[in-house]
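J.: The C-terminal residue of the sequence shown carries number 737 in this note's numbering, and the numbering is unbroken.
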Amino acid sequence: MLVNGTHIDENVELSYLFKMKLLFLDTETSGLNPNSGQIIEIGAILTTLDTTSLKITIDSKFEDLIALRSQMDDRITRITGITSEELFVAKPIHKVQEKWFEFLRDCPENIVIIGHSLQFDLDFLKAESWFLPEKYIFCDSLDISKILLPTCNAVNLEYLVEKLKLEPQRNQLEQLGITDKTLLKHHRALYDTIACVNLVQNLFNILSKSNFDQVAYKTILEEFIPIDTSFFSKSISKHNISNEPKIDILQENKQKVSIHFDGSVIQDGLYDKINKPTSQIFIGKMVEYLKLSLPRNLKQIVLQIYVISVLNISNNKQSLKIHTKNATELLFANKIYDSIVSIDNLIDISHLTSIISPFEAIISQIKYVSEHNYKLSVFISLLEIYYDILKSEKSEDPLLVKIQEIIVCYDFLLLNLQQFWQKSEYFYTPNQLKPEEEIIRKKITEMYHLFSRFDPNMLKETNPITAQLKYSIIAEYLSFFDQSGKLQIAPSNKLLFRNQGMQISISTFVYQFNLNTIFEKTMNQYNSHILETYLKKEDFTALLKLTGLQKIIDEYSSKITVVYLNNPNCNIIFNDTKANVKLSDFLEERKEIVNLENKYSLLLCGQNSSLKEIERQFTQDYEPDEYFVLGESGSLTKVVSKMIKNQKSMVAIKNGDFYYLSRYLDLIEFAEIWIINQPYFPIHKYWQTLSLNSTDKDEYMHKLKWLYLKSQTGFISAKTGLDINFLKSYRV
C-alpha cells in the first residue's frame with residue numbers, strides 16, 4: 006500500500022501514522038529579561054494530536070517551582086501569587102532540569118512545541134540551558150489567535166480564557182491528577198498550559214468549520230500551524246461566496262465628508278475600514294495577495310484581513326479587529342485596503358456636505374494646522390515594507406541599496422536624538438548648536454543628500470501591493486518639498502523633532518497662519534456644513550467669540566447647521582470640598598462606591614504624575630483584583646479586556662485614552678467618573694498672540710483652558726450619561 010509516497014505493509018497498524026506529539030509549555034519568571042531574571046515555575050503537558058479529526062488527547066504533565074537565585078519584583082507575586090517564601094524552599098534549578106530531561110527523554114526530536122507568546126518562554130529556557138528536543142518545531146498559539154479570532158477584543162491568554170471559556174475542565178484535572186488548588190489560577194504555569202491546550206483545540210475547531218479558500222488553508226497550515234495534516238478528513242474546497250446582495254465598498258458613494266476645520270479631509274481609520282461590509286471582489290483580491298511572496302509578519306496581516314473579509318461578507322454586524330500594535334504593520338494593513346478600495350479623490354467637492362467634528366478640536370489642533378509637518382516615520386515605514394517585500398521576492402531593484410542607506414541613516418539619527426528629547430520634543434536650531442549636537446547636523450546632512458539622490462519613480466511594481474506602496478512613497482516624498490521645490494529636510498532649517506513612540510516627525514511653523522482666513526476658505530470649499538460639538542450652546546458661542554470666528558459663522562449661517570452632541574443633563578462637578586483631599590482617603594471612598602453599586606469607578610488622569618501616584622497607592626493598599634491601572638495591569642487593550650470580564654473595580658487610565666475605551670461602553674458600566682488634575686493643555690503661540698489682543702491676557706488663557714476641559718468632559722458625559730467629577734489636587 007502506498008501512503009504519502011511511502012510503501013507500508015498492509016498488516017501494520019496505520020493509526021500511528023495519523024498521530025503527532027505536541028508539547029505545550031509555559032513558564033513564570035522573576036522578570037522580563039532572561040539575562041537578569043530567571044524561571045521560577047515551569048509547566049508542560051505532553052499531548053497527542055489525531056490529524057484526521059484534529060482532536061488533542063492529554064498524555065502527561067510536568068510542573069515544578071524553582072528556587073529563587075536573585076531578587077524578585079513584588080509585582081510578580083501580585084500577578085502570579087508565588088511568594089519568595091515558597092521559592093526559598095523550592096528545588097534548585099539543576100534538580101528540576103534533571104526531572105525535565107527525564108520527562109522529555111522519549112519525545113520525538115521533531116516534536117511540535119506550542120505556547121502563547123512562546124518565544125518569551127524559549128528565550129528563558131535557552132538562557133538557562135534547559136533541554137529541548139534537537140529538531141523541535143515552533144508553533145505560537147498567539148499568532149494563530151490573531152488570525153482566527155478577529156471578533157475578540159484582545160488575544161492575550163487571560164482574556165481568551167474568559168472569552169472562550171478555556172478554564173481547565175474537571176476531567177482534565179482528574180486525568181492529570183491535579184488537586185492543588187493554588188495551581189489553578191491565571192499566571193500559574195500549569196493553569197496557563199492547560200488553557201493553551203484548550204485554546205489550540207478551540208482554534209482547530211474553528212479552522213475545521215470555516216469555509217476558507219484553499220489558498221488560505223494552505224498558508225495557515227504551512228506558515229503558522231506546522232503540523233502534518235496529510236490525513237485531515239475535512240474537505241478543503243474553494244470558498245463558496247454567498248450570492249446574497251452586499252454593499253460593494255468599491256462603489257460606495259459618499260454624500261458627506263469629515264474634515265478638519267482647515268478643510269483637509271479626514272480619511273477613514275483602519276478600524277472603520279475593516280468593519281465595512283466587504284465585496285466579493287475584495288475576497289478574491291485577498292486570495293491573490295496570499296499567493297505573493299511576503300515576509301511572515303506581513304503575510305499574517307494579509308491572513309487577518311482575509312478572515313475579517315470572510316466574516317464581514319457573512320455577518321457584517323459584528324465588531325472585528327486587526328491584532329497588532331506594530332505601527333509598520335498597521336500602516337501595511339491600511340495600504341492593503343487602499344490598494345483594493347478606490348478612494349474618492351474628491352475633485353468635485355462643492356456638492357458635498359462637510360462635517361467638522363468636534364468643532365472645539367480647534368483648540369488643540371491649532372498647533373498642527375499652523376505647521377508644515379514632514380512625517381519621516383511614515384515615509385521610512387513605507388520604505389521598510391517595500392524593502393522587506395522585494396527581499397522576500399528576491400527581486401533585483403537598483404534602489405534597494407539606497408533604501409537601506411536611508412533606513413540606516415534614520416535609525417542612527419533616532420539614536421542620537423534620544424538624549425536630547427525633553428517632554429517629547431526637541432528643537433534643532435542650526436545656529437545655536439551645542440558641541441554634542443554636531444553629530445545630529447552630520448546625520449541630517451547625510452539624510453538630506455540621500456533624499457536628494459533618491460528617485461521613487463524608479464521603484465518597481467512587482468504586484469498590486471508594491472504598486473500601492475510606490476504610489477504612497479512618491480506622495481510622501483513629494484510632501485517633503487515646499488512650493489518652490491526646496492527640500493525641507495535640511496540642516497539649514499530650524500526643525501522640531503517629536504518623540505512619538507520613538508519615531509520622528511519634522512515640523513516648521515507657518516508664520517503667515519491666520520485662523521480666520523483658513524476657516525473662511527473652508528466655508529467656501531463645500532456646499533454646506535455641519536458643525537458638531539460636545540460643548541453646550543453657551544460654551545460654543547463663547548468659543549466662537551474667543552477665537553474671532555463668530556463673524557464668519559454669522560456670514561455663512563445659511564450654509565451651517567450646528568449639532569450639539571452633549572448631554573444637557575450632565576455637568577462638571579468640581580467638588581471644592583475635596584480640593585485638597587488625602588489620596589488614600591479618596592481611593593477608599595471609590596472602593597466603597599464600587600462595592601455598593603457593583604460598577605466601575607473610573608479615574609481619568611490628566612497627567613502622568615497623577616497616574617503614577619495612584620498606581621503607587623493601589624499597589625500599596627489594595628489587592629490586585631481591586632483595581633486596574635495602566636502600566637501595572639498591562640497595556641490599555643489589556644485593561645479594557647479585563648474590564649469587559651465584569652470584574653468590578655477601580656480603574657485608572659490617562660484622560661486621553663477614554664476615546665478608545667468609549668468603543669466598549671455597551672459592555673461596561675460606570676458608577677462614577679473622575680478627572681484627576683486638569684489635562685495637559687498645549688498653549689500655542691497663536692493663542693498667546695490672540696491673548697495679547699484681549700483686555701486681560703491671563704483671563705483669556707483661563708477661558709481657553711476652561712473651554713478645552715469642558716469639551717473633553719462634554720464628550721465623556723455624552724458617551725456615558727454621567728456627571729463628571731473633577732479633582733484638581735490631592736495630598737499623598
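Heads up, the beta-carbon is just placed ideally off N, CA and C, and yes, glycines get one too.
In this text the structure is predicted, and so the values were computed from the model without any measurement.
Anyone know if the C-beta pair for residue 728 and residue 571 falls short of 7 angstroms?
T.: It is not a contact, given that the beta carbons lie outside the stated cut-off.
J.: Just to confirm the assignment: which complete beta strand (DSSP E) runs, minimum length 3, are found wholly within the segment 354 to 431?
T.: Correct list: 358 to 361, 376 to 379.
J.: Quick check on residue 480: buried or exposed, where buried means 16 or more other Cβ atoms within 10 Å of its Cβ?
T.: That one is exposed.
J.: What are the partner residues of residue 730, as DSSP defines its beta bridges?
T.: According to DSSP, residue 730 bridges with 578, 679.
J.: What does a CB cutoff of less than 7 angstroms around residue 636 pick up in its chain, not counting 5 residues either side in sequence?
T.: Answer for residue 636: 620, listed in chain order.
J.: Please go through the segment 453 to 541 and give each complete alpha helix (DSSP H) segment of 4 or more residues, from N-terminal end onward.
T.: You should have 469 to 483, 520 to 530.
J.: Under 6 angstroms Cβ to Cβ from residue 66, same chain only, skipping five residues before and after it: list those, please.
T.: So the qualifying residues of the chain are 50, 181.
J.: Taking the C-alpha atoms as reference points, what is the distance between residue 592 and residue 191?
T.: Their backbone Cα atoms lie some 26 angstroms apart in a straight line.
J.: Should residue 473 go down as buried or exposed, given a rule of 16 or more other Cβ atoms within 10 Å for buried?
T.: Buried, by the Cβ-count rule.
J.: Secondary structure at residue 35, three-state DSSP: helix, strand or coil?
T.: Reduced to three states, the DSSP call for residue 35 is coil.
J.: Less than 7 angstroms between C-beta atoms, sequence neighbours within five positions excluded: which residues of the same chain meet that for residue 414?
T.: Cβ neighbours of residue 414 beyond the five flanking positions: 448, 451, 452, 455.
J.: Measure the C-alpha to C-alpha separation of residue 398 and residue 303 and round it to an integer number of angstroms.
T.: If you take the alpha carbons of residue 398 and residue 303, they lie about 13 angstroms apart.
J.: Give the single residue among 57, 648, 551 whose Cα lies nearest to the Cα of residue 25.
T.: The option with the nearest alpha carbon to residue 25 is 57.
J.: Would you identify the three-state DSSP class for residue 316, choosing helix, strand or coil?
T.: Residue 316: helix per DSSP, three-state reduction.
J.: Please go through the same chain and pick out, in chain order, the residues whose beta-carbon is closer than 8 angstroms to the beta-carbon of residue 542, but skip the five residues on each side of it.
T.: Closer than 8 angstroms at the Cβ level, and outside the excluded window around residue 542, lie 569.
J.: For residue 164 versus residue 646, is the C-beta distance shorter than 7 angstroms?
T.: Yes, they are a contact pair.
J.: Verify whether the separation of the beta carbon atoms of residue 525 and residue 557 is less than 7 angstroms.
T.: Result yes, Cβ atoms of residue 525 and residue 557 sit closer than 7 angstroms.
J.: Do the segment 686 to 705 and the segment 358 to 373 touch if we need at least three Cβ pairs shorter than 8 angstroms?
T.: Contact between the segment 686 to 705 and the segment 358 to 373 is present, because at least three Cβ pairs lie under 8 angstroms.
J.: Starting from residue 220, follow the alpha helix (DSSP H) in both directions and report where the run begins and ends.
T.: Residue 220 -> alpha helix (DSSP H) spans 219 to 228.
J.: According to the Cβ coordinates, are residue 295 and residue 220 closer than 7 angstroms?
T.: Yes, the Cβ-Cβ distance between residue 295 and residue 220 is below 7 angstroms.
J.: Tell me the rounded alpha-carbon separation between residue 433 and residue 391.
T.: Residue 433 and residue 391: Cα-Cα distance of roughly 30 angstroms.
J.: Indicate the three-state DSSP secondary structure (helix, strand or coil) for residue 85 in the structure shown.
T.: In this structure, residue 85 counts as helix in the three-state DSSP scheme.
J.: I'd like to know whether the C-beta atoms of residue 656 and residue 605 end up nearer to each other than 7 angstroms.
T.: Contact: yes.
J.: Have a look at residue 478 and residue 121 and give me their C-alpha separation to the nearest angstrom.
T.: Looking at the two C-alpha atoms, the distance is approximately 36 angstroms.
J.: Once the 5 residues before and after residue 241 are set aside, which same chain residues still bring their CB inside 7 angstroms of it?
T.: With a pLDDT of 41 at residue 241, under the threshold of 50, the predicted position of this residue should be treated as unreliable, though the coordinate-derived value follows. Here the set comprises 219, 222.
J.: Given that a residue counts as buried once 16 or more other Cβ atoms are within 10 Å of its Cβ, and exposed if not, what is residue 437?
T.: Exposed: under 16 other Cβ atoms inside 10 Å.
J.: If I follow the unbroken alpha helix (DSSP H) through residue 77, where does it start and stop?
T.: Segment: none, residue 77 is in no alpha helix (DSSP H) and carries neither H nor E.
J.: In this structure, does DSSP put residue 341 in helix, strand or coil?
T.: Here residue 341 sits in helix by DSSP.
J.: Would you call residue 777 buried or exposed, if buried means 16 or more other Cβ atoms sit within 10 Å of its Cβ?
T.: Not covered by the structure: residue 777. The range shown for the chain is 6 to 737.
J.: Measuring only the C-alpha atoms, how far is residue 738 from residue 389?
T.: In the structure as shown, the chain starts at 6 and stops at 737, and residue 738 therefore has no counterpart that could be examined.
J.: May I have the straight-line CA-CA distance separating residue 106 from residue 136, to the nearest angstrom?
T.: Approximately 6 angstroms between the Cα atoms of the pair.
J.: Quick one: what does DSSP say residue 350 is sitting in, helix, strand or coil?
T.: Note that residue 350 scores a pLDDT of 46, beneath 50, so its modelled location is shaky and nothing firm can be said.
J.: Since residue 213 and residue 59 should fall inside the 8 angstroms C-beta cutoff, what is the C-beta to C-beta distance between them, to a whole number of angstroms?
T.: Rounded, the Cβ-Cβ distance is 6 angstroms, consistent with contact.
J.: Per DSSP, which one or two residues make a beta bridge with residue 735?
T.: Looking at the DSSP assignment, residue 735 forms a beta bridge with 586.
J.: What span of residues does the alpha helix (DSSP H) with residue 125 cover, start to end?
T.: Run containing residue 125: 123 to 132, per the alpha helix (DSSP H) assignment.
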